[in-house]
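Asks: Numbering-wise, the sequence shown is residues 0 to 316 according to numbering that gives the first Met the number 0.
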Amino acid sequence: MPRVSRKFKANTAEASKPAAHIYKTAIYTRLSVEDIRKKASDAIVTQKTMLIKFLQSQPDMQLYDIYEDINYTGTNFNRPGFTKMIEHINAGLVDCVLVKDLSRFGRSFEETGHYLERVFPSRQVRFIAIGDNFDSLTATLDESCLMVPLKNLMNEVYARDISKKTQSGFKAKQQRGEFCGSFAPYGYIKEGLRLVIDEAAAPVVKQIYEWRLEGMGVATIVKKLNDLQFPPPGKHLWHTSTIKRVLSNPLYTGNLAQGRYKSNFLRGGGTIATNENEWVIFKDTHPPIITQETFEAVRNMRKSRKKEFVTTGHQQA
0 MPRVSRKFKA NTAEASKPAA HIYKTAIYTR LSVEDIRKKA SDAIVTQKTM LIKFLQSQPD
60 MQLYDIYEDI NYTGTNFNRP GFTKMIEHIN AGLVDCVLVK DLSRFGRSFE ETGHYLERVF
120 PSRQVRFIAI GDNFDSLTAT LDESCLMVPL KNLMNEVYAR DISKKTQSGF KAKQQRGEFC
180 GSFAPYGYIK EGLRLVIDEA AAPVVKQIYE WRLEGMGVAT IVKKLNDLQF PPPGKHLWHT
240 STIKRVLSNP LYTGNLAQGR YKSNFLRGGG TIATNENEWV IFKDTHPPII TQETFEAVRN
300 MRKSRKKEFV TTGHQQA
């Protein structure tokens, strides 16, 4: 029987080895409004540079795509970049997610845990957080079951603390009578932290109140303004929602009503309306466009119509 050379045996053994798996890697970066406000060092470019450099040093990883979310909170996962990445994971195009650290991935203890402990393992997706020195491929049981959940919890606590500080900062400005909005309401111009009358728009505000006191319905006012081509807020036509905002804002009496909306940082960074008894009113902070009596008369009309609707189920315009 002929002898088989050692070289042939070695080559045969090498050929029988399964090819090393190359992970199709998604780089994910995120920057919140709070990060931008603080000019944090976690800039998107900084995150990308770090992650690309790390990926290039890993022979078993290949970049599939880079996903980013700018101006999105980490307290929920309703983010376009993140959603697109998950779609690609579900389609089998990505099997590795690379982030700078766990806080860039998310700051919700429950939702972050859902992805790291259920979604990714069920789809055989590798997860790497460089700053936390975590790699699900090599992580020990203690790291997966103790370290990661603890850091996720700390990230959520941090988000709650930031939310409280943000609200406290706004409240301090409100107490000084400063206007905290990004844009002045229709009828005014913002100069610094104060409001001054917009001479072109203020007469329109007065006319809206006059028509309303005459009994004109909101829809009719909208049509009249558009027909007469009165300048609307922004570039579009007048709408009923715009008229209702004008008719319900005590700001037009010269009093600054702060706290009509509050930040909803923990639920996505938006705002939610508050009850009137939660408002903080500062008297005579800027020039009025209408009198207090006019505003109260219109508000009483609104209340009576609401009462009528509750009683009869019908409401006049």
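Each residue gets a CB set at the ideal place from its N, CA and C atoms; glycine is no exception. A quick note: this is a predicted structure, and the numbers were derived from the prediction, not measured.
State the Cα-Cα distance for the pair residue 185 and residue 200, rounded to the nearest angstrom.
Replies: Translated into positions along the sequence shown, residue 185 becomes position 186. Translated into positions along the sequence shown, residue 200 becomes position 201. Answer to the nearest angstrom: the Cα atoms are 7 Å apart.
Asks: Tell me, please, which residues DSSP counts as bridged to residue 27.
Replies: Counting from one through the sequence shown, the residue named residue 27 turns up at place 28. Note: residue 27 sits in a beta bridge opposite 66.
Asks: What is the residue span of the alpha helix (DSSP H) that residue 194 lies within?
Replies: As a working note, residue 194 is residue 195 in the sequence shown. Segment 193-196 is the beta strand (DSSP E) holding residue 194; no alpha helix (DSSP H) there.
Asks: Per DSSP, which one or two residues make a beta bridge with residue 190?
Replies: Sequence index remark: in the sequence shown, residue 190 carries index 191 (1-based). In the DSSP output, where bridge partners are listed per residue, residue 190 has 193.
Asks: Using only the alpha-carbon positions, how far apart do residue 297 and residue 234 sit?
Replies: Position 298 of the sequence shown holds residue 297. Position 235 of the sequence shown holds residue 234. Roughly 27 Å separates the two Cα atoms.
Asks: Run through DSSP, which three-state label would residue 297 get?
Replies: Here residue 297 refers to the residue found at position 298 of the sequence shown. Three-state DSSP puts residue 297 in a helix.
Asks: Locate the alpha helix (DSSP H) running through residue 97, then write down its first and last residues.
Replies: Here residue 97 refers to the residue found at position 98 when the sequence shown is read from its first residue. Where residue 97 is concerned, there is no enclosing alpha helix (DSSP H), although the beta strand (DSSP E) it sits in stretches over 95-98.
Asks: Given a threshold of 16 other Cβ atoms within 10 Å of its Cβ, counted over all protein chains shown, does residue 31 qualify as buried or as exposed?
Replies: Here residue 31 refers to the residue found at position 32 of the sequence shown. Result: buried.
Asks: Specify the secondary structure class of residue 128 as computed by DSSP and reduced to three states.
Replies: Translated into positions along the sequence shown, residue 128 becomes position 129. It is a strand residue.
Asks: Kindly indicate which residue of 215, 70, 251 has the alpha-carbon position closest to the one of residue 292.
Replies: By 1-based counting over the sequence shown, the position of residue 292 is 293. Nearest of 215, 70, 251 to residue 292, Cα basis: 251.
Asks: Once DSSP output is grouped into helix, strand and coil, what is the label at residue 114?
Replies: Along the sequence shown, read from residue 1 onward, the residue named residue 114 stands at position 115. In the structure shown, residue 114 sits in a helix (DSSP, three-state: H, G or I).
Asks: Output yes or no for whether 9 Å exceeds the beta carbon distance between residue 182 and residue 249.
Replies: Counting from 1 along the sequence shown, the entry for residue 182 is found at position 183. Counting from 1 along the sequence shown, the entry for residue 249 is found at position 250. Against a cut-off of 9 Å, the Cβ pair of residue 249 and residue 182 comes out as no contact.
Asks: Going by DSSP, which residues form a beta bridge with residue 22?
Replies: By 1-based counting over the sequence shown, the position of residue 22 is 23. Looking at the DSSP assignment, residue 22 forms a beta bridge with 60.
Asks: For the alpha helix (DSSP H) containing residue 220, name the first residue and the last one.
Replies: In the sequence shown, the residue the question calls residue 220 occupies position 221. Residues 217-226.
Asks: Do residue 288 and residue 204 count as a contact pair if the criterion is CB distance below 9 Å?
Replies: Along the sequence shown, read from residue 1 onward, the residue named residue 204 stands at position 205. Along the sequence shown, read from residue 1 onward, the residue named residue 288 stands at position 289. Yes; because the gap between Cβ atoms is below 9 Å, this pair is in contact.
Asks: Any idea what DSSP makes of residue 331, helix, strand or coil?
Replies: This structure gives no information on residue 331, because the portion of the chain shown stretches from 0 to 316.
Asks: Would you kindly work out how many angstroms separate the C-alpha atoms of residue 188 and residue 202, rounded to a whole number?
Replies: Position 189 of the sequence shown, counting from 1, holds the residue named residue 188. Position 203 of the sequence shown, counting from 1, holds the residue named residue 202. So the alpha carbons of these two residues sit roughly 14 Å apart.
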